[in-house]
Structures are given as structure tokens and as C-alpha cells.
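Asker: Sharing a structure, written as C-alpha cells. Questions coming.
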Amino acid sequence: MKILCLHGFRTSGSFLEKQISKWDPSIFHHHFDMEFPDGRYPAGGKSDIEGIFPPPYFEWFQFEKGATLSALLLGYQAQGKVLKDHPPIKLFVSISGSKFRDPSICEIAYKDPIKVRSVHFIGAKDWLRLPSEDLATSFHNPLIIRHPQGHTVPRLDEDAVEKLRGWTKEILSNDRDNGGAKIENGILHEAACKILVEESGDLMVKTEAGVAETTQA
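Quick look at the structure:
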């Protein structure tokens, strides 16, 4: 299974890979092919990781909240609005994600519970804690991992590691029960820190009057 890992605002794919590397490899790395591309656009302005991690830095779609955008895509795909020829996205891992606020978008994207296997990392000191809680309610049977940290990719305690191992084991077991068919899509987003699992290709999204469109670059 391939996972496309999309970094956060004004960082880079290599920075997200470094952040995720502190997680126990038995959670994701032992089971999935994880890719960490850079964003489409060179970042403008100051990056919060200057002096910590070397440039260059990039942006996705000029958005800060990558997980927010990915959740929107999941909801729109479920309603048949976008990615009509793309296999259903099966996995979503959100760190500090939130919902769009525009009512015309919410009426479509979050109309029904999103039936995608999801994990939501929510930090006690994160300024997006409450919006992250709200996003999790939009998913069917979400796994919520709470941590005492802030707006960051968290370090995981043993309890969180065990929960995530169980979540991964269940996904792989269901895959085998389905005859070994590949689960092609999934998402992990950062801090927008997110991992969005989806097949390769550049995806551009624009929202106009509550309608999202996709084009191949």
C-alpha cells in the first residue's frame, strides 16, 4: 500500500519525513510505501522551521491546513463531487486538521459521516484543538489519539503506539480478507501535518461556490 505524505505550511517533504521518523516503525513504515514529496510552490515569507531544518521550503495550494483540505476532498468524493474516476480513498491520518467554515462547502462535504478509516491526533496545547475535535466528529468511528503537546507532530507514548498498531493490523487484515486486493488510497496530513494516501499525480483543487474541481497538472 502506498501512502502519500503531504507536509505542512512552509516546510518540506524531508522535514515531514524527519518528524514521522520518531514514530515506532511498526506503525506505518513496516507495512506501507511512504512518499514525501515537496509542495508545488516555493514558500514566501518566513518559515517557522528556519534555523531548525535547512531550506528550501514549500507550500501546497497556498493553504496552511493540509489536513483540512484533505478532509474536504474525502467528503466531496463521498458525495460524488470530485475524484469520480479515482478509487475511493480508504485511509486518513490527520494532525491538527479542521473543517472549512464556508456554509456552502460544509453543506456538501460534511453532510453525512465520512466513512473512511481515520486517525486524528489532537494536542491538549494545540491552538487548533477544538477545531480538530470538530473535524473528528465528521468521520464514522474515528480513532482519536490525544497527546499533551501543542501544534506539532507528537511523540507517541506506548498506549498510542499500541492503538495505532491495532488500527494498522485491522486494516491489513481486512485487506487480506478481500483477497489481497491492494488498498490504493489513504491520507496522512500534517498540521496541516497530514498523510494523505492516494495514487501518484499532482492534484490541484479550487473551491468556487461550494464546488471543488480537480485537474491533472
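Position 175 (the sequence shown) corresponds to 309 in this note's numbering; numbering is contiguous. The beta-carbon is built from N, C-alpha and C at its ideal position, and this holds for glycine as well.
How is the beta strand (DSSP E) around phenylalanine 149 delimited, first residue to last?
Answerer: As a working mapping, residue 149 is identified with position 15 in the sequence shown. Phenylalanine 149 -> not in any beta strand (DSSP E); alpha helix (DSSP H) instead, spanning 147-154.
Asker: Quick test of the definition: if touching needs 3 or more C-beta pairs under 8 angstroms, does the stretch 205-217 touch the stretch 168-178?
Answerer: Flag = no, the stretch 205-217 and the stretch 168-178 do not touch.
Asker: Can you look up aspartate 176 in the DSSP assignment and give me helix, strand or coil?
Answerer: Position 42 of the sequence shown holds residue 176. Note that residue 176 is proline in the sequence shown here, rather than aspartate. Proline 176 falls in the strand class under three-state DSSP.
Asker: With a CB to CB cut of under 7 angstroms and the five nearest residues on each side skipped, what residues in its chain are close to phenylalanine 273?
Answerer: Locating residue 273 in the sequence shown gives position 139, counting from the first residue. Same-chain partners within the cutoff: Pro247, Ile248, Val250 and Ser252.
Asker: Rounding to the nearest angstrom, what Cα-Cα distance links isoleucine 278 and arginine 174 in this structure?
Answerer: Within the sequence shown, numbered from 1, the residue matching residue 278 stands at position 144. Within the sequence shown, numbered from 1, the residue matching residue 174 stands at position 40. Taking the straight line from one Cα to the other gives about 30 angstroms.
Asker: Taking the continuous alpha helix (DSSP H) assigned at serine 266, which residues delimit it?
Answerer: Translated into positions along the sequence shown, residue 266 becomes position 132. Run containing serine 266: 263-270, per the alpha helix (DSSP H) assignment.
Asker: Taking DSSP as the reference, what is the three-state secondary structure of isoleucine 278?
Answerer: Taking the first residue of the sequence shown as 1, we reach residue 278 at position 144. Of the three classes helix, strand and coil, the one that applies to isoleucine 278 here is strand, per DSSP.
Asker: With 16 other CB atoms within 10 Å as the buried threshold, where does lysine 245 fall?
Answerer: One-based indexing of the sequence shown puts residue 245 at position 111. Per the 10 Å Cβ criterion, exposed.
Asker: Quick check: what's the CA-CA separation for valine 227 versus valine 295?
Answerer: Taking the first residue of the sequence shown as position 1, residue 227 is located at position 93. Taking the first residue of the sequence shown as position 1, residue 295 is located at position 161. For valine 227 and valine 295, the distance between alpha carbons rounds to 14 angstroms.
Asker: According to DSSP, is aspartate 293 part of a helix, a strand, or is it coil?
Answerer: For the purposes of this step, residue 293 is identified with residue 159 of the sequence shown, where counting begins at 1. Helix at aspartate 293.
Asker: Can you tell which of Ala212, Leu140 and Cys240 has the C-alpha that lies nearest to the C-alpha of isoleucine 223?
Answerer: On the sequence shown, position 89 is the one that residue 223 refers to. The shortest C-alpha separation from isoleucine 223 is found at Ala212.
Asker: Whose CA, out of Thr286, His285 and Gly300, lies closest to the CA of glutamate 292?
Answerer: Locating residue 292 in the sequence shown gives position 158, counting from the first residue. For glutamate 292, the nearest C-alpha among the options comes from Gly300.
Asker: Using the beta-carbon count (16 or more within 10 Å), is leucine 264 buried or exposed?
Answerer: Against the sequence shown, residue 264 aligns to sequence position 130. The residue is exposed, with fewer than 16 neighbouring Cβ atoms inside 10 Å.
Asker: Thinking C-beta only, is glutamate 169 closer than 9 angstroms to leucine 203?
Answerer: Position 69 of the sequence shown, counted from the start, is the residue given in the question as residue 203. Position 35 of the sequence shown, counted from the start, is the residue given in the question as residue 169. No; because the gap between Cβ atoms is not below 9 angstroms, this pair is not in contact.
Asker: Tell me the residue span of the beta strand (DSSP E) that contains serine 252.
Answerer: Position 118 of the sequence shown holds residue 252. Element bounds for serine 252: 251-257.
Asker: Taking 6 angstroms as the limit between beta carbons, can you name the residues of its chain near aspartate 260, skipping five residues before and five after?
Answerer: Here residue 260 corresponds to residue number 126 of the sequence shown, with the count starting at 1. Counting only Cβ-Cβ distances below 6 angstroms, and skipping sequence neighbours, we find Ser230, Gly284 and His285.
Asker: With 16 as the cutoff for other CB atoms within 10 Å, does alanine 325 come out buried or exposed?
Answerer: Looking up residue 325 in the sequence shown gives position 191. Any reading at alanine 325 needs caution, since the residue's pLDDT is 39, under 50, leaving its predicted position unreliable; the model's value is listed next. Counting Cβ neighbours within 10 Å, alanine 325 comes out buried, since at least 16 surround it.
Asker: Counting only beta-carbon atoms, is isoleucine 278 nearer than 9 angstroms to chain C?
Answerer: Although the question refers to chain C, the structure presented lacks it and comprises just one protein chain.
Asker: Run the CB neighbour count on proline 237, radius 10 Å, all protein chains shown included, and call it buried at 16 or more, exposed below.
Answerer: Numbered from 1 along the sequence shown, position 103 holds the residue referred to as residue 237. Per the 10 Å Cβ criterion, exposed.
Asker: Closer than 8 angstroms by C-beta to lysine 297: which residues in its own chain qualify, once you throw out the five before and the five after it? Chain order, please.
Answerer: Along the sequence shown, read from residue 1 onward, the residue named residue 297 stands at position 163. Here the set comprises Leu277 and Ile279.
Asker: Does leucine 298 come out as helix, strand or coil in the three-state DSSP assignment?
Answerer: Position 164 of the sequence shown, counting from 1, holds the residue named residue 298. Three-state DSSP puts leucine 298 in a helix.
Asker: At the level of alpha carbons, what is the spacing between glutamine 153 and asparagine 275?
Answerer: Locating residue 153 in the sequence shown gives position 19, where the first residue counts as 1. Locating residue 275 in the sequence shown gives position 141, where the first residue counts as 1. Whole-angstrom Cα-Cα distance: 27 angstroms.
Asker: Whole angstroms are fine: how far does the CA of arginine 235 sit from the CA of arginine 144?
Answerer: Your numbering for residue 144 matches position 10 in the sequence shown. Your numbering for residue 235 matches position 101 in the sequence shown. Rounded to whole angstroms, arginine 144 to arginine 235 spans 23 angstroms at the Cα level.
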